Amino acid sequence: MAFEGLASRLQNVFGKLRGKGKLTEDDVNEALREVRLALLEADVNFKVVKDFIAKIKERAIGQEVLKSFTPGMVVVDIVNKELTELMGGTQSKLAKANRPPTVVLMVGLQGAGKTTLTAKLAKLLQKQNHRPLLVACDIYRPAAIKQLEVLGEQIKAPVFTMGDQVNPVEIAKAGLQHAKDNGNDYVLVDTAGRLHIDEQLMDELKQINETLNPHEILLVVDAMTGQEAVNVADSFHKQLTITGVVLTKLDNDTRGGAALSVRAVTGCPIKFVGVGEKTDALEPFYPDRMASRILGMGDMLSLIEKAQSNIDADKAKEMERKMRNAEFTFEDFLDQMEQMKKLGPLDQLLEMIPGMNKMKGMGDLKVDDKQMGRVSAIIHSMTTEEKRKPEIINLKRRNRIAAGSGTTLQDVNRLIKQFEDMRKMMKQFSGMMGPGGPGGSKA
Ligand code: GDP
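Residue numbering for the sequence shown follows full-length UniProt numbering, starting at 1 and increasing by one per position.
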């Protein structure tokens, strides 16, 4: 994921600090030197790094820190807060018009991910019960209109197009009218990009801007391009006064410099980050959570929200009841696996759990789709009775299941063992969490 290098370097520096009972000024200076190098290596703008380090130094060398019983932790806390501040402090939400429709303009260079973002944003808004209209104003890139139409169809959102022979300003105007006539409360306008910023592109965007008077101009930048992304943001902002930045491709192995510098250089907040090619791979940007993630403190809040919006609450409750009563069967196991899959790639989830990002490097926690497929095949090869009463699965049955699922006896044995261990654990757990609550007795 993005920030991996930076995160592991910073966590190393602070690991050393935390281990010390007392800190001297030299300890702090040494640590900050390493932080500075780590940030520069992560491609953070040098001026941003300089200011950042100066701020931390000022606070960390303060007497109360060095005298504290846990000075290392206090320093990490200061870095966490300053890192959060650097990325904008609090979450910056998408604008909402007092009188709908809210008009959002997507701008940026070609290939940054504007068209994809238009669809992702529409999907996010649909989940919040809004009715977005997508407007195709990129008449230059071959197939851009088609791409938006295909994405719109995927997410079942209407797409307004007038082909590629009409002036984009006219399309934008007609699109807005269409939204008003059809009760769409968000108008998401996909505009044309270029390989480089040029005058013609800016003029066109300015005209669309004047015509639509949008509530939000989102600049889409590719996080992979590092400092270049920040330069692009700066130029766009100077000419167009953007209201927010969306960093895409953060799922790739980017060093993270753009995420850390954009706000400080342009003054514009990052509003969303793109974390994959699919239409649901968009996350609101929370500076505090991102800072915690970089510092290895995990991001449980995002994880919980993800679970809440993707997991069927009734099913989860029923599952919990079964776990408490140790009635959990292979059918439930399969069900739970399906629910987990909805949350997205497992390694992305693990990154959000404190401490897990380090363990992930060990490799054995990686559960890939192939492995999931194998487990699912094994369970599907069981009879209903076997799924409900795994204890009846003897050697003969195991061989049959292995043959039926195209796996090996070892695979089947391993899964049954895992399942039994899990059941045992649940029994213990339900003992602890019984009617008296944690620690209460079950009787
Ligand atoms: P546009 O020219 O700005 O409209 O860019 P597109 O929306 O066509 O995106 C360019 C490429 O980047 C496409 O292949 C997208 O699938 C891909 N892409 C967009 N956003 C993301 C993202 O967040 N992560 C990844 N991995 N790929 C992305």
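The beta-carbon is built from N, C-alpha and C at its ideal position, and this holds for glycine as well.
Since the structure is predicted, the reported quantities are computational estimates derived from the model, not experimental observations.
Using the DSSP secondary-structure output, state which residues sit across from Ala136 in a beta bridge.
Working through the sequence shown from its first residue, we reach residue 136 at position 136. Ala136 is bridged to Asp190.
Measure the alpha-carbon distance for Leu409 versus Leu6 and round it to whole angstroms.
Along the sequence shown, one-based indexing puts residue 409 at 409. Along the sequence shown, one-based indexing puts residue 6 at 6. Going from the Cα of Leu409 to the Cα of Leu6 covers about 43 angstroms.
Assuming contact is defined by CB atoms lying nearer than 9 angstroms, are Thr279 and Lys146 in contact in what I supplied?
Residue mapping note: residue 279 aligns to position 279 of the sequence shown, counting from 1. Residue mapping note: residue 146 aligns to position 146 of the sequence shown, counting from 1. No. Outside cutoff.
Please list the terminal residues of the continuous alpha helix (DSSP H) segment that includes Pro168.
Translated into the one-based positions of the sequence shown, residue 168 becomes position 168. 168–182 is the extent of the alpha helix (DSSP H) around Pro168.
So the candidates are Lys317, Asp198, Asn213; which of them puts its Cα closest to the Cα of Ile242?
Start at 1 with the first residue of the sequence shown, and residue 242 comes out as number 242. Relative to Ile242, the option among Lys317, Asp198, Asn213 whose CA is nearest is Asn213.
Using only the heavy atoms of the ligand GDP, determine whether one of them is closer than 8 angstroms to the beta carbon of Thr90.
The residue given as residue 90 occupies position 90 in the sequence shown. Thr90: no, Cβ never under 8 angstroms from the ligand GDP.
To the nearest angstrom, how far is it from the Cα of Gly152 to the Cα of Val159?
Numbered from 1 along the sequence shown, position 152 holds the residue referred to as residue 152. Numbered from 1 along the sequence shown, position 159 holds the residue referred to as residue 159. Whole-angstrom Cα-Cα distance: 6 angstroms.
Check the DSSP bridge columns for Val107 and list the partner residues they point to.
Position 107 of the sequence shown, counted from the start, is the residue given in the question as residue 107. Partner(s): Leu219.
Quick check on DSSP: helix, strand or coil for Lys93?
Start at 1 with the first residue of the sequence shown, and residue 93 comes out as number 93. DSSP places Lys93 in coil when its eight states are reduced to three.
Measuring only the C-alpha atoms, how far is Val232 from Val265?
Along the sequence shown, one-based indexing puts residue 232 at 232. Along the sequence shown, one-based indexing puts residue 265 at 265. C-alpha separation (whole angstroms): 11 angstroms.
Could you pull the DSSP bridge partners for residue 453 from this structure?
Because the chain is modelled from 1 through 443, residue 453 falls outside the range shown and cannot be assessed.
Please report the residue range of the alpha helix (DSSP H) in which Leu201 lies.
Here residue 201 refers to the residue found at position 201 of the sequence shown. Leu201 -> alpha helix (DSSP H) spans 199–212.
If we define contact as Cβ-Cβ less than 9 angstroms, is Ala259 a contact residue for chain D?
Looking at the structure shown, chain D is missing, and only one protein chain is on hand.
Straight-line CA distance for Leu195 to Leu219?
As a first step, residue 195 is located in the sequence shown; it is residue number 195 there, counting from the start. As a first step, residue 219 is located in the sequence shown; it is residue number 219 there, counting from the start. So the two alpha carbons sit approximately 15 angstroms from each other.
Cβ atoms of Ala112 and Val104: under 9 angstroms apart, would you say?
For this step, residue 104 is matched to residue 104 along the sequence shown. For this step, residue 112 is matched to residue 112 along the sequence shown. No, Cβ-Cβ distance for Val104 and Ala112 is not below 9 angstroms.
With DSSP run on the structure shown, which of helix, strand or coil describes Leu282?
Locating residue 282 in the sequence shown gives position 282, where the first residue counts as 1. Leu282: strand per DSSP, three-state reduction.
Tell me which residue opens and which closes the alpha helix (DSSP H) that Ile401 is part of.
Your numbering for residue 401 matches position 401 in the sequence shown. It spans 395–405 - the alpha helix (DSSP H) in which Ile401 sits, taken as one unbroken run.
Classify Glu327 as buried or exposed, calling it buried when 16 or more other Cβ atoms lie within 10 Å of its own Cβ.
Taking the first residue of the sequence shown as position 1, residue 327 is located at position 327. With fewer than 16 Cβ atoms within 10 Å of its Cβ, Glu327 is classed as exposed.
Could you check the C-alpha separation between residue 499 and Glu64 for me, to the nearest Å?
Past the boundaries of the shown model lies residue 499; the chain is included only from 1 to 443, so the question cannot be answered.
So, helix, strand or coil for Val44, using DSSP?
The sequence position of residue 44 within the sequence shown is 44, counting from 1. Residue state, collapsed to three classes: coil.
Count the other CB atoms within 10 Å of the CB of Arg321; is the residue buried (16 or more) or exposed (fewer)?
Here residue 321 corresponds to residue number 321 of the sequence shown, with the count starting at 1. Answer is exposed; the Cβ neighbour count stays below 16.
Around the C-beta of Gln11, are 16 or more other C-beta atoms found within 10 angstroms, so that it is buried, or is it exposed?
Sequence index remark: in the sequence shown, residue 11 carries index 11 (1-based). Answer is buried; the Cβ neighbour count reaches 16.
By the three-class DSSP mapping on this structure, what secondary structure does Thr102 have?
Along the sequence shown, one-based indexing puts residue 102 at 102. It is a strand residue.
Taking its Cβ as the centre, do 16 or more other Cβ atoms sit within 10 Å of Lys180, making it buried, or is it exposed?
As a first step, residue 180 must be located in the sequence shown, where it is residue number 180. Residue burial is scored here from C-beta neighbours: Lys180 has fewer than 16 other C-beta atoms within 10 angstroms and is therefore classed as exposed.
Exposed or buried, which one is Ala54 when buried takes at least 16 other CB atoms within 10 Å?
Stepping through the sequence shown from its first residue, residue 54 is reached at position 54. Per the 10 Å Cβ criterion, exposed.
Are Ala192 and Arg263 close, meaning C-beta to C-beta below 9 angstroms?
Translated into the one-based positions of the sequence shown, residue 192 becomes position 192. Translated into the one-based positions of the sequence shown, residue 263 becomes position 263. Not closer than 9 angstroms, so no.
Could you check where the alpha helix (DSSP H) with Thr266 kicks off and where it finishes?
Position 266 of the sequence shown holds residue 266. Counting along the chain, the alpha helix (DSSP H) containing Thr266 begins and ends at 257–266.
What does Val159 pair with, by DSSP beta-bridge criteria?
The sequence position of residue 159 within the sequence shown is 159, counting from 1. Note: Val159 sits in a beta bridge opposite Leu134.
Hey, would you say the C-beta of Val104 is under 8 angstroms away from at least one heavy atom of the ligand GDP?
On the sequence shown, residue 104 is found 104 positions in, with the first residue counted as 1. No, the beta carbon of Val104 sits no closer than 8 angstroms to any heavy atom of the ligand GDP.
Determine the direct distance from the alpha carbon of Ala281 to that of Arg398, and round the result to whole angstroms.
Reading the sequence shown from its first residue, position 398 is the one you call residue 398. Reading the sequence shown from its first residue, position 281 is the one you call residue 281. The straight-line gap separating the alpha-carbon atoms of Arg398 and Ala281 is approximately 39 angstroms.
Inter-stretch contact at 8 angstroms, needing at least 3 Cβ pairs: the region 72–86 / the region 45–60
yes
Given Met372 as reference, the closest of Glu391, Ile401, Phe333, Phe272 once Cα atoms are compared:
As a position in the sequence shown, residue 372 is number 372, starting the count at 1. Just measuring C-alpha positions, the residue of Glu391, Ile401, Phe333, Phe272 sitting nearest Met372 is Phe333.
Close beta carbons around Glu34, own chain, < 6 angstroms, minus the five adjacent residues each side:
Against the sequence shown, residue 34 aligns to sequence position 34. Excluding sequence neighbours, Glu34 sits near Val13.
Could you give the C-beta distance for Ala402 and His215, rounded to a whole number, given that I count them as a contact under 8 angstroms?
Taking the first residue of the sequence shown as position 1, residue 402 is located at position 402. Taking the first residue of the sequence shown as position 1, residue 215 is located at position 215. Contact doesn't hold; Cβ gap of about 59 angstroms is too wide.
Helix or strand or just coil, what does DSSP make of residue 457?
Summary: the structure shown does not reach residue 457, with the chain confined to residues 1 through 443, and so no result is reported for it.
Helix, strand or coil for Gly363, going by three-state DSSP, please let me know.
In the sequence shown, counting from the first residue as 1, residue 363 sits at position 363. Because the pLDDT at Gly363 is just 43, under 50, the model does not fix this residue reliably, and the point stays unresolved.
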